[in-house]
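In the working numbering, the protein residues as written are 2 to 119.
Glycine included, every Cβ here is placed at the ideal spot set by N, Cα and C.
Small disclaimer: the values here were computed from a predicted structure and weren't measured.
First comes the structure, then the notes that go with it.
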């Protein structure tokens, strides 16, 4: 079992930056991938970014490419999502997820709210 706890959400203005954190605990040694997803009111959940737990591979949704950066600190069992140049359409609940194989997520955090005011 793996537990995920997100933090770092909040209310920001358009153009601001924000960094989300996801602390993983439990059987993290066998994890393959960590990802960030978001769900805006009335919309489907969508992938934002992902990173291989061992490093060396990341992916991003086209809508956030060049503005968001996903990284991980294995010593702290923590994954980060650095968000720059935030836009109002980025308002959503952001979820951290973890999985044992590529693009297959087995565990989810409780989510953290990000609100971007215009």
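- For residue 18, no beta strand (DSSP E) run applies, since DSSP gives it neither H nor E.
- The three-state reading of DSSP puts residue 70 in strand, counting E and B together.
- It is roughly 22 Å from the alpha-carbon of residue 47 to the alpha-carbon of residue 14.
- For residue 81, the enclosing beta strand (DSSP E) stretches over residues 79-84.
- Counting the other Cβ atoms within 10 Å of the Cβ of residue 84 gives 16 or more, which makes it buried.
- Here the alpha carbons of residue 27 and residue 106 stand approximately 15 Å from one another.
- In this structure, residue 17 and residue 82 do not form a Cβ contact; the two beta carbons are roughly 14 Å apart against a cut-off of 8 Å.
- DSSP places residue 38 within a strand segment (E or B) once states are collapsed to three.
- Membership of residue 50 in the beta strand (DSSP E) is indicated by the continuous run 47-53.
- A distance below 7 Å between beta-carbons, with the five flanking residues on each side excluded, links residue 114 to the following residues of its chain, in chain order: 10 and 94.
- Judged by DSSP in its simplified three-state form, residue 29 adopts helix.
- DSSP lists no beta-bridge partner residue for residue 111.
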